[in-house]
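Asks: Mature numbering (1 follows the signal peptide of the UniProt record, and there is no 0) puts the sequence shown at residues -19 to -1, 1 to 180.
Glycine included, every Cβ here is placed at the ideal spot set by N, Cα and C.
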Amino acid sequence: MKKLLALLASATVSLSVHAADFKEGVNYKVLDFQKAEQPQVVEYFSFYCSHCLAFEKLFKSMEQDLPSDVQLEKRSISFIGREMGVPVSKAYAMMKVLGNDHELVPEMFRKIQRSDKPLRSETELREWFIEHGVSKKVFDATYNSEKVLTLQRSYDEGFRKARLTAVPGFIINNKYQIILGSFKNYEEFLELVEYLLNK
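1) Looking only at C-alpha atoms, which of 53, 161 and 176 sits nearest to residue 147?
2) Please report how far the alpha carbon of residue 138 lies from the alpha carbon of residue 175, in whole angstroms.
3) Exposed or buried, which one is residue 72 when buried takes at least 16 other CB atoms within 10 Å?
4) Return the residue from the list 9, 4, 133 and 109 that minimises the CA-CA distance to residue 155.
5) Can you give me the start and stop residues for the alpha helix (DSSP H) that residue 47 sits inside?
6) What three-state label does DSSP hand residue 41 in the structure shown?
7) Which class does residue 9 belong to by DSSP, given the choice of helix, strand or coil?
8) Quick check on this structure: which residue in 39, 50 and 105 has the alpha carbon closest to the alpha carbon of residue 18?
9) Do residue 74 and residue 102 have their C-beta atoms within less than 9 Å of each other?
10) Determine the DSSP secondary structure at residue 161, reduced to helix, strand or coil.
11) Quick test of the definition: if touching needs 3 or more C-beta pairs under 8 Å, does the segment 38 to 49 touch the segment 109 to 117?
12) Looking at residue 106 and residue 43, is the spacing between their C-beta atoms short of 9 Å?
13) Could you give the residue range of the alpha helix (DSSP H) that holds residue 59?
14) Which residue or residues does DSSP assign as beta-bridge partners of residue 26?
15) If you measure between the beta carbons of residue 46 and residue 177, is that distance less than 9 Å?
16) Taking DSSP as the reference, what is the three-state secondary structure of residue 139?
17) State yes or no: is the C-beta of residue 100 within less than 9 Å of the C-beta of residue 111?
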């Protein structure tokens, strides 16, 4: 994985594989789900996962490089982070409900993985949101709302149904799981994603 991340971070571009070279069981797994009607890329992640932080740059690049009709979605799972796993996953679901995830996701990653004072309680989590522009009233009305709880649980349920065992995990069109480590750089990853989107 370290080698893969180093290649992804590199500015150099090597020759990419051809779509014809992609193979089931090597580059991707086929899931026993109905294929999504709308093209989509879903990443399962955790704010406590260092590899997920490294893949943030890759995800942002995909937002620019994939066709506009492709739906990109991130889903935070709660199985990492011990007692803060569920609260932080709920925090992400709340960001989605409030529509401020693009602004707050990088800040949350920094708080959890780069700060010498990581979040240790829901009280600290509440204060963090207030510091980042969410009022006490909005937080209290949203954090434990049925909409947030349902969304957060759906992330964990989707992770389990896909039989994923680690994050980050990428699911294409609700049908194909990318096998991490089967590509050498971002160019190959993007070509694999496009191949599966059109498969």
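Replies: Well, looking at it:
1) 161
2) Approximately 26 Å between the Cα atoms of the pair.
3) buried
4) Nearest of 9, 4, 133 and 109 to residue 155, Cα basis: 9.
5) No alpha helix (DSSP H) holds residue 47; DSSP gives it neither H nor E.
6) helix
7) strand
8) Proximity to residue 18 across 39, 50 and 105 peaks at 50, based on C-alpha coordinates.
9) no
10) DSSP places residue 161 outside both helix and strand once states are collapsed to three, so it counts as coil.
11) no
12) no
13) That residue, residue 59, is in no alpha helix (DSSP H); it is neither H nor E in DSSP.
14) 57
15) Not in contact: residue 46 and residue 177 (Cβ atoms no closer than 9 Å).
16) helix
17) no
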